[in-house]
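Asks: Just passing along the structure, written as structure tokens.
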Amino acid sequence: MRIVDLRSDTVTKPSPEMWETLRSLENSDLGDDVEGEDPTVNKLEEKAAKLIGKEAALFVTSGTQGNLVSLLSLTNPGDEILLEELSHIYKNEVGSAARIGGLMIRTYPSIKGVPLFDQLQTLIRDKEDIHEPPTTLFSVENTHNYHGGVIVQPEVLKDMRDFSEKNSLKLHLDGARIFNAAVGLGVPVTEFTKHVDSVMFCLSKGLSCPVGSIVAGSKEFIKSARRYRKMLGGGMRQAAIIASFGLIALEPKWIKRLEEDHKNAKLLAEGIESYDLPINIDKPETNIVIVKLLQKTRIVKILNQLGKEGILSFNISKEKIRFVTHYGINEDDIQFSVQKIGNTLSKFLIYK
Ligand SMILES: Cc1ncc(COP(=O)(O)O)c(C=O)c1O
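Under my numbering, the sequence shown is numbered contiguously, ending at residue 552.
Printed below as a string of structure tokens:
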């Protein structure tokens with residue numbers, strides 16, 4: 201049976217070039233990374249730091265671990281941090297900032313990831329008041345997953361930087377898909393990252409590595425992040441085996457490939473929209489398509505039926521289905537998906 205897996209860009213398999221790189225590894229390319237002795241990991245971290253425009257970088261096991269070591273490095277237990285209300289750190293990282301970091305979490309509302317700064321100002325605690333915990337960190341997600349892969353523009357990040365400086369906050373970027381943002385706008389990734397103290401990006405999403413993420417920032421920040429990674433059990437030994445894929449993933453050609461995913465997301469959105477159903481789809485800016493159902497229905501039944509038809513997807517709320525395009529999905533898969541999704545939705549939703 202033909203399966204098109206649009207659940208996430210995390211389901212990608214490595215490219216032939218990645219396999220080739222893995223096969224060509226020799227013992228001399230491997231070392232103990234906890235001791236900083238794995239030449240391949242060191243190469244990857246240097247390459248990532250340069251590309252992202254930061255002093256240093258650290259290879260971590262996952263995006264979740266990368267976000268957590270960043271928060272731990274930039275705060276103290278008892279601090280309050282500002283997270284966007286639909287952000288991955290707030291919704292999907294098991295409350296680790298509170299559980300492990302001892303951090304108070306305050307959420308801020310946004311319009312597609314962009315905060316309303318006046319409102320944001322009211323969330324900052326009074327540092328002089330001995331009754332209040334200090335607000336010390338502000339986090340932004342880009343592209344924003346639950347808002348449909350939208351790009352938070354570099355000018356907005358600049359405003360966030362100014363806001364953070366004014367209020368003595370550290371600024372963290374959950375840039376799990378920051379290269380989608382850069383490619384989507386056609387600007388260097390540093391246009392985003394230059395405004396933040398720390399950034400996490402994933403190798404294991406659109407960049408299609410099997411494992412791993414990168415955290416980047418100042419040398420001092422990375423020194424601390426490395427300690428926290430060890431504390432969290434993320435100190436790896438001969439990690440060249442997984443890091444080698446990242447060296448391919450960070451090549452310009454491979455980053456540019458994300459354009460294909462964005463093109464496919466647009467085709468998918470346009471195709472589904474052509475069915476004239478009671479749904480709403482915002483024009484995708486990157487590789488995520490969110491279909492909002494405008495009629496009350498059992499969304500799980502729709503997902504199950506789609507699964508039976510070979511289209512795998514997730515719902516992100518009771519009314520929104522998310523489809524993510526990625527490496528391994530081609531235009532033909534998109535046409536097939538459009539037909540299956542259009543027909544399935546037609547069975548569950550009533551034409552207006
Ligand atoms: C925006 C965002 N941040 C962080 C993560 C966490 O990445 P990981 O699954 O590697 O822990 C994800 C995963 O989907 C994500 O979408």
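Just so it is clear, CB atoms sit at the ideal spot from N, CA and C, and this is done for glycine as well.
Quick caveat, the model's predicted, so the values are computed rather than measured.
#1: With a threshold of 6 Å, establish whether the CB of S270 neighbours any heavy atom of ligand 1.
#2: Can we count T212 as close to ligand 1, meaning its CB is less than 6 Å from some heavy atom?
#3: Cα-Cα, which of D397, L373, E255, L458 is closest to L385?
#4: Once the 5 residues before and after V314 are set aside, which same chain residues still bring their CB inside 7 Å of it?
#5: I'd like the span of the beta strand (DSSP E) that includes M304, first residue to last.
#6: Would you list the residues sitting across from N480 in a DSSP beta bridge?
#7: Give, in chain order, every unbroken run of the beta strand (DSSP E) that is at least 3 residues long and sits entirely within the segment 373-432.
#8: Is V294 helix, strand or coil by DSSP?
#9: Can you list, in chain order, the stretches of the alpha helix (DSSP H) that have 4 or more residues and sit fully within the segment 312-377?
#10: Is R223 helix, strand or coil by DSSP?
#11: If you draw a straight line from the alpha carbon of R299 to that of D359, how long is it in whole angstroms?
#12: With hydrogens ignored, establish whether the beta-carbon of D359 is closer than 6 Å to any heavy atom of ligand 3.
#13: If we call anything under 7 Å between Cβ atoms a contact, is C402 one with A376?
#14: Taking the alpha helix (DSSP H) that V538 belongs to, which residues open and close that run?
#15: Going by DSSP in three states, L450 sits in which element: helix, strand or coil?
#16: For a test of your reading of the model: does the CB of H331 fall under 6 Å from any non-hydrogen atom of ligand 1? Yes or no.
#17: Could you check which residue in L450, I499, L373, I534 has the C-alpha nearest to that of L468?
#18: Is H347 near ligand 1, in the sense that its beta carbon is under 6 Å from a heavy atom of that ligand?
#19: Taking just the CA atoms, how far does K254 sit from L282?
#20: Looking at ligand 1, does it come within less than 6 Å of T264, judged from the CB to the closest heavy atom?
#21: Considering Cα atoms alone, identify which of L230, K463, E237 is closest to E531.
#22: Helix or strand or just coil, what does DSSP make of R299?
#23: Assign L244 to one of two classes, buried (16 or more other C-beta atoms within 10 Å of its C-beta) or exposed (fewer than that).
#24: Tell me, which residues are paired with D205 by DSSP?
#25: Does DSSP put K254 in a helix, a strand or coil?
Replies: In terms of the structure at hand:
#1: By one-based count along the sequence shown, residue 270 stands at place 70. Not so, every heavy atom of ligand 1 lies at least 6 Å from the Cβ.
#2: Locating residue 212 in the sequence shown gives position 12, counting from the first residue. Because no heavy atom of ligand 1 lies under 6 Å away, the Cβ of T212 does not count as near it: no.
#3: Position 185 of the sequence shown holds residue 385. With distances taken between Cα atoms, L385 lies closest to L458.
#4: In the sequence shown, the residue the question calls residue 314 occupies position 114. So the qualifying residues of the chain are V352, V356.
#5: In the sequence shown, the residue the question calls residue 304 occupies position 104. Taken as a continuous stretch (DSSP letters only), the beta strand (DSSP E) holding M304 covers 304-308.
#6: In the sequence shown, the residue the question calls residue 480 occupies position 280. In DSSP, N480 forms a bridge with K492.
#7: 398-402, 413-417
#8: Here the question's residue 294 lines up with position 94 in the sequence shown. Three-state DSSP puts V294 in coil, outside helix and strand.
#9: 317-321, 354-366
#10: Translated into positions along the sequence shown, residue 223 becomes position 23. Correct three-state label for R223: helix.
#11: Counting from one through the sequence shown, the residue named residue 299 turns up at place 99. Counting from one through the sequence shown, the residue named residue 359 turns up at place 159. Answer to the nearest angstrom: the Cα atoms are 30 Å apart.
#12: Looking for ligand 3 in the displayed structure turns up nothing; the ligands present are ligand 1.
#13: Working through the sequence shown from its first residue, we reach residue 402 at position 202. Working through the sequence shown from its first residue, we reach residue 376 at position 176. Contact flag set, yes.
#14: As a first step, residue 538 must be located in the sequence shown, where it is residue number 338. It spans 531-548 - the alpha helix (DSSP H) in which V538 sits, taken as one unbroken run.
#15: The count along the sequence shown starts at 1 and reaches residue 450 at position 250. Of the three classes helix, strand and coil, the one that applies to L450 here is coil, per DSSP.
#16: Translated into the one-based positions of the sequence shown, residue 331 becomes position 131. It does not: the Cβ of H331 is nowhere closer than 6 Å to a heavy atom of ligand 1.
#17: In the sequence shown, counting from the first residue as 1, residue 468 sits at position 268. That would be I534, whose Cα lies nearest to the Cα of L468.
#18: Locating residue 347 in the sequence shown gives position 147, where the first residue counts as 1. False, no ligand heavy atom lies under 6 Å from that Cβ.
#19: Position 82 of the sequence shown, counted from the start, is the residue given in the question as residue 282. Position 54 of the sequence shown, counted from the start, is the residue given in the question as residue 254. Cα to Cα, the separation comes out at about 23 Å.
#20: For the purposes of this step, residue 264 is taken as the residue at position 64 of the sequence shown. For ligand 1, at least one heavy atom lies less than 6 Å from the Cβ of T264.
#21: Position 331 of the sequence shown, counting from 1, holds the residue named residue 531. Ranking L230, K463, E237 by Cα distance to E531 puts K463 first.
#22: Translated into the one-based positions of the sequence shown, residue 299 becomes position 99. Helix at R299.
#23: Residue mapping note: residue 244 aligns to position 44 of the sequence shown, counting from 1. Classification for L244: buried.
#24: As a position in the sequence shown, residue 205 is number 5, starting the count at 1. For D205, which the question treats as bridged, DSSP gives the partners L512.
#25: Position 54 of the sequence shown, counting from 1, holds the residue named residue 254. Of the three classes helix, strand and coil, the one that applies to K254 here is coil, per DSSP.
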